[in-house]
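Residue numbering for the sequence shown follows the working numbering, beginning at -16 and increasing consecutively.
Where is the CB? At the ideal position from N, CA and C, for every residue including glycine.
Quantities reported herein were computed from a predicted structural model and do not represent experimental measurements.
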Amino acid sequence: MTALVSYSTGTVSVAAGGTTVTGVGSIWSDENARPGDILQIGNFQSVISDKTDPTHLVIPPWGGGAQAGVAYKIWQVSPQRFAGAEAMATVNKLVAALDAREIPVVVGDDETEPDPSLGEESQTAIQPTTGKVWVMTGGVWVFLGIYKAFRPRGAYDGSTVYYYGDVQTTSGSSYIYINDTPSAGHAAPNATYWQVLAAKGDPGGTGPSGPIGAGYGGTSTTSLAIGTGSKLFTTQANLAYLNGARVRATATAGATGWLEGVATYSGTSLSITSDKTSGAGTGTAWNFNVAGEPGTSGAGTGDMLAANNLSDLASKSAARLNLSADPIVILATGQSNFVRDLTLAWSPASNLFEWNYDGIDGHAGTAFVAPSATTVSAPRRYASEVARVCT
């Protein structure tokens, strides 16, 4: 034989003569405790007349004395647990739901409206695939409308079949399909098929300006002499200089000129290792700017300044010779300079005069003289010296 089934999870408490049993740690669901089951505490038993909730039972007045937090058993012998009784309870619930018109009539996909023979007054009918809803009024199904959740479909596609409630986007606006008949190829804003759900808004106004980022520039009132070597300035914080950048400090008070070199920057300290300067004096106010890296030095030494107009050349005649410059030939009015290379012999015009110069640096020429022959061959050094004197 099969033993009786019981439930005993948790503990219970009940007052002497009490009618309410309270459970702790118990879960008295319909499966675990039903009216008609037997509650046993120790050697005393009582029928369960009702269940208030998953932790409270109703019993006749308890005759086993006060009990608090004790073990128990529920013998599951209620007639409601028999198959016939459970089925009848389910049928009763179904009938009650039908009487309350809580169960709608379902309309098939192949039907256009509910079966007129089905339904009670005020009962509803639905077609799940379309969302259509009807209500029985005066023995006739009356269409109420379509009640269906939105179904996002993304950007509009002309080959896609859209159904009522489908939502697509076109040119930044969203549209909902409102036609009872599914279709494809009808682009928004065709009002027969689409209704605007959310229109694209106008561009917003210009937002507030962001914070000003770090920049170059900067100033200092550190008193320093223009010259080479390490120069430490106190300046503003949050400038954009990176260590290794080349920076020029230009004096704006106390001196005229500038110094520049590779810099390091941290906090409010800007240190420049000056290797290039202009001007002199002790500056008491300075402006800072990024400077370019000096180019690679040429084969010679020293700098040439445009303002000196080549006066800083060590040997002007040698420079002209190295540049292969044309000789300077002074002609009479109307003659043209046909001499290009004095290493070649040439025949001067009868009215051509040469500068009589002995070719030694530092000696002045004596005069313009006529050539002694009809053909003159001048060495290149002579030509360069002529050029030097004539300039």
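Buried versus exposed call for residue i [16 or more other C-beta atoms within 10 Å across all chains shown]
{"i": "Y199", "result": "exposed"}
{"i": "P97", "result": "buried"}
{"i": "A174", "result": "exposed"}
{"i": "I86", "result": "exposed"}
{"i": "A246", "result": "buried"}
{"i": "F351", "result": "Confidence at F351 is low in this model, with a pLDDT of 47, below 50, so its placement is unreliable and no value can be given for it."}
{"i": "L242", "result": "buried"}
{"i": "D20", "result": "buried"}
{"i": "S252", "result": "exposed"}
{"i": "V230", "result": "buried"}
{"i": "L207", "result": "buried"}
{"i": "G244", "result": "buried"}
{"i": "T35", "result": "exposed"}
{"i": "A381", "result": "In this structure the chain extends from -16 to 374, so residue 381 is not present and cannot be described."}
{"i": "K115", "result": "buried"}
{"i": "T218", "result": "buried"}
{"i": "L306", "result": "exposed"}
{"i": "Y130", "result": "exposed"}
{"i": "G262", "result": "exposed"}
{"i": "D324", "result": "Note that D324 scores a pLDDT of 35, beneath 50, so its modelled location is shaky; the value from the coordinates is reported in the next line. Exposed, because fewer than 16 other Cβ atoms sit within 10 Å of the Cβ of D324."}
{"i": "S300", "result": "buried"}
{"i": "T112", "result": "exposed"}
{"i": "G201", "result": "buried"}
{"i": "A197", "result": "exposed"}
Short Cβ contact (8 angstroms threshold) for residue i with residue j
{"i": "A181", "j": "S154", "result": "no"}
{"i": "D258", "j": "T211", "result": "yes"}
{"i": "T38", "j": "W11", "result": "yes"}
{"i": "S32", "j": "P18", "result": "yes"}
{"i": "F216", "j": "A232", "result": "yes"}
{"i": "V89", "j": "I57", "result": "no"}
{"i": "Y55", "j": "L101", "result": "no"}
{"i": "Y146", "j": "P165", "result": "yes"}
{"i": "G121", "j": "A132", "result": "no"}
{"i": "G42", "j": "T5", "result": "Residue identity differs from the one stated: residue 42 is Ile in this sequence, not Gly. No; because the gap between Cβ atoms is not below 8 angstroms, this pair is not in contact."}
{"i": "I161", "j": "Q178", "result": "yes"}
Top-ranked residue by Cα proximity to residue i, from the options
{"i": "G25", "options": "V53, V41, N291, T2", "result": "V53"}
{"i": "V7", "options": "Q50, N75, P43", "result": "Q50"}
{"i": "L127", "options": "T107, S192, A301, G187", "result": "T107"}
{"i": "R136", "options": "A302, P194, V150", "result": "V150"}
{"i": "A(-2)", "options": "A(-14), S(-11), K34, P44", "result": "P44"}
{"i": "E276", "options": "D93, G227, E94", "result": "G227"}
{"i": "V125", "options": "R134, G48, P99", "result": "P99"}
{"i": "L225", "options": "G47, K299, I129, G250", "result": "G250"}
{"i": "N15", "options": "S(-4), Q63, G114, G48", "result": "Q63"}
{"i": "I209", "options": "N305, A220, G240", "result": "G240"}
{"i": "F27", "options": "G201, G48, S(-11)", "result": "G48"}
{"i": "F271", "options": "S300, A289, L222, D163", "result": "L222"}
{"i": "L0", "options": "V273, G46, T279", "result": "Correcting the residue identity first, residue 0 is Gly in this sequence and not Leu. Ranking the options by Cα distance to G0, first place goes to G46."}
{"i": "I159", "options": "Y176, V144, T143", "result": "Y176"}
{"i": "V273", "options": "A289, Y248, A297", "result": "Y248"}
Cβ-Cβ separation, residue j to residue i (assumed contact under 8 angstroms), whole Å
{"i": "S203", "j": "S254", "result": "The Cβ separation is near 12 angstroms, so there is no contact."}
{"i": "L(-13)", "j": "V78", "result": "That pair is no contact at about 32 angstroms."}
{"i": "G141", "j": "G168", "result": "5 angstroms"}
{"i": "E94", "j": "M119", "result": "Wrong, their Cβ atoms sit about 15 angstroms apart, outside the cutoff."}
{"i": "T152", "j": "A170", "result": "About 12 angstroms; that fails the 8 angstroms criterion."}
{"i": "S9", "j": "T(-8)", "result": "5 angstroms"}
(message) Using 8 angstroms as the cut-off, can you tell me whether the region 292 to 302 makes contact with the region 266 to 281, which would need three or more C-beta pairs spanning the two stretches below that distance?
(response) no
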